[in-house]
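Using my numbering, the first residue of the sequence shown is number 1, and each one after it goes up by one.
For each residue, glycine too, the CB sits at the ideal point set by N, CA and C.
Structure, as structure tokens:
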Amino acid sequence: MPGVKTHSRVTNLSGNEIYCLNKLALTPGNICVGNSVFALGIMGSLTAGLNILAGGEIPQVTSLIHDGRLNAINRMMMEAGASGGTGVTGVTTELVSHGSNIEFLSIGSVVHKAGATHETLTFSTSADAQELYCQVDSGFRPIQYVIGNVAYSIGLGGNIAGFLRSLGRGEVTEFSEIFDTTRHLALDRITREARQCKANAVIGINTTITPLMGAQEMLMLGTASFHPALSDYATDPVTCDMTNEELWNMVNIGYMPIRLVMGVSVYSLGIVSGIKALFKSMVRGEVNTLTTLLYEAREKALDRIQLDAKRHGADDVVGVKIHVYELGGGLIEFLAIGTAVRKMDNITTRTPALIPQAIIRDRDTFFEKPPQSGRAVALTESGKSSASATQGGPIAILIAIIMLGFYLLVFFLKHH
1 MPGVKTHSRV
11 TNLSGNEIYC
21 LNKLALTPGN
31 ICVGNSVFAL
41 GIMGSLTAGL
51 NILAGGEIPQ
61 VTSLIHDGRL
71 NAINRMMMEA
81 GASGGTGVTG
91 VTTELVSHGS
101 NIEFLSIGSV
111 VHKAGATHET
121 LTFSTSADAQ
131 ELYCQVDSGF
141 RPIQYVIGNV
151 AYSIGLGGNI
161 AGFLRSLGRG
171 EVTEFSEIFD
181 TTRHLALDRI
191 TREARQCKAN
201 AVIGINTTIT
211 PLMGAQEMLM
221 LGTASFHPAL
231 SDYATDPVTC
241 DMTNEELWNM
251 VNIGYMPIRL
261 VMGVSVYSLG
271 IVSGIKALFK
281 SMVRGEVNTL
291 TTLLYEAREK
301 ALDRIQLDAK
311 RHGADDVVGV
321 KIHVYELGGG
331 LIEFLAIGTA
341 VRKMDNITTR
351 TPALIPQAII
361 RDRDTFFEKP
371 PQSGRAVALT
381 ESGKSSASAT
391 QGGPIAILIA
401 IIMLGFYLLV
411 FFLKHH
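Here you go:
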């Protein structure tokens with residue numbers, strides 16, 4: 001790529017990370033960056049808008065985001081290759097808005113084999129150097145940074161059907177099915193990328209849900225890896241959302257991850273039950289209607305995660321977290337997510353104890369205080385956006401289409 005630059009003495013790896021690299025016979029290299037700017041275009045925006053109205057996956061947005069990220073990652077790897085490293089750690093991908101265009105930005109840190117003179121890139125990973133130590137000591141060999149994404153919308157049909165169903169108390173199956181299907185699409189796609197690079201596991205998966213272009217994007221990113229004890233999973237790689245430190249602990253006592261499992265349930269309080277709950281909340285005491293509803297919704301999500309684990313022959317599900325999203329209009333979504341594990345013979349870590357440098361978190365030493373009269377903005381809040389944005393996207397697009405039609409009608413009448 002023209003204009004590729006390397007900074008052989010500049011690294012963003014911390015002292016703790018460099019220590020862990022040293023234990024793996026690796027040394028720090030330079031920062032490497034890759035980017036790509038994309039525009040959806042007028043026709044693409046129109047087609048995507050119609051798909052958003054229809055509901056389900058929006059292929060135009062899904063492919064645009066995937067292709068943009070892939071271009072940025074490939075250019076980052078080209079820059080890493082120019083520096084002669086053996087691998088890239090801590091790979092991240094970000095989206096930066098530039099008006100009607102989107103910039104995809106990928107950043108990583110090159111690592112070298114200690115004492116090597118001629119090197120070729122053999123791996124890339126989303127893990128930082130501390131997490132990489134945990135992966136390797138657990139017996140996993142990193143191969144490639146992989147992603148799986150899906151852009152989706154409830155659509156007008158989902159909104160209308162969901163609204164009608166929400167008049168009654170209980171689960172709103174239209175919303176449950178949309179959310180469940182799209183989440184598993186992202187998981188299937190990250191698994192497919194792992195299979196293509198001859199991996200039998202994807203570990204350290206992070207999941208992010210972000211409002212984008214009138215829809216929602218669910219992004220899963222992790223590291224496609226190989227473990228000798230998982231040879232039976234070559235065609236259906238293992239998936240795991242445990243942290244790398246948790247993974248080390250589980251492998252140390254003989255457990256291997258089998259599958260990232262999810263359970264989704266969307267419930268409605270209903271008009272009648274909602275009125276009862278409203279009156280009940282005016283006086284002191286338990287609101288039985290809400291207590292029962294929330295309990296049922298959680299149980300349904302946990303039942304589905306247990307069934308998912310059973311289908312994959314797991315012994316237990318660990319690290320389960322329940323995320324609750326208020327969708328508006330009396331609708332609440334419960335998402336349960338965790339990792340199904342299985343006890344295996346002759347499985348343990350390479351060393352009996354994890355070094356402290358692998359788990360010490362780096363502290364910030366630079367701080368910027370906001371103005372006293374202003375308000376601090378938490379940049380991480382963008383990753384916590386509620387799924388409720390999926391309902392506003394289709395409606396906003398419909399309003400825009402009506403306004404455009406009205407404008408064209410007025411213009412036509414004036415000139416005739």
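Practice task
Would you tell me roughly how many angstroms separate the C-alpha atoms of L187 and F412, rounded to the nearest one?
Solution key: 49 Å
Practice task
Flag this pair as touching only if the stretch 359 to 370 and the stretch 287 to 305 have three or more C-beta atom pairs under 8 Å; answer yes or no.
Solution key: no
Handout entry: Neighbourhood of D315 by C-beta distance below 6 Å, restricted to the same chain and skipping five residues each side
Key = R342 and K343
Practice task
Please name the residue or residues paired with V341 in a DSSP beta bridge.
Solution key: P257 and D316
Problem - Residues sharing a beta bridge with V324, DSSP - result: F334
Practice task
Could you say which of K23, R141, G170 and I147 lies nearest to L293 if we only look at CA atoms?
Solution key: G170
Problem - Any non-hydrogen atom of the ligand MN closer than 8 Å to Y145 Cβ - result: Absence of the ligand MN is noted for the structure shown, with no ligands found whatsoever.
Handout entry: Buried or exposed (CB count within 10 angstroms, at least 16 for buried), Q196
Key = exposed
Handout entry: Spatial distance of A129 from V320 (CA atoms)
Key = 26 Å
Practice task
List the endpoints of the continuous alpha helix (DSSP H) containing I73.
Solution key: P59 to A82
Handout entry: Same chain only: Cβ atoms within 7 Å of G115, ignoring 5 sequence neighbours per side
Key = none
Handout entry: 7 Å CB neighbourhood of A25 in its chain, flanking five on each side removed
Key = K113 and A114
Problem - Three-state secondary structure (DSSP) of V10 - result: coil
Problem - DSSP state of A224 mapped onto helix, strand, coil - result: strand
Practice task
Would you kindly check if the distance between the Cβ of G148 and the Cβ of M242 is under 9 Å?
Solution key: no
Exercise for the section: Please confirm if the stretch 8 to 21 is in contact with the stretch 60 to 72, defined as three or more CB-CB distances below 8 Å between the two stretches. Expected result: no
Handout entry: DSSP-derived helix/strand/coil call for C240
Key = coil
Handout entry: DSSP-derived helix/strand/coil call for T235
Key = coil
Practice task
Have a look at T173, R350 and M262 and flag the residue whose alpha-carbon is nearest the alpha-carbon of C134.
Solution key: R350
Exercise for the section: Let me know the secondary structure DSSP gives F412 once reduced to three states. Expected result: helix
Handout entry: Start-to-end residues for the beta strand (DSSP E) that takes in A201
Key = A201 to L212
Problem - 4 or more residues per run - each alpha helix (DSSP H) lying fully within the stretch 128 to 158 - result: 129 to 137
Practice task
Report the rounded CA-to-CA distance for L409 versus K198, giving the unit in angstroms.
Solution key: 57 Å
Problem - Residue burial classification, G85 (beta-carbon count within 10 angstroms, cutoff 16) - result: buried
Exercise for the section: Along the alpha helix (DSSP H) that carries N346, what are the first and last residues, could you check? Expected result: Where N346 is concerned, there is no enclosing alpha helix (DSSP H), given that its DSSP letter is neither H nor E.
Problem - Which of helix, strand or coil DSSP assigns to C32 - result: strand
Problem - Endpoints, alpha helix (DSSP H) assigned at I102 - result: Not the alpha helix (DSSP H): I102 falls in the beta strand (DSSP E), residues N101 to K113.
Problem - Bridge partner(s) assigned by DSSP for F38 - result: I102
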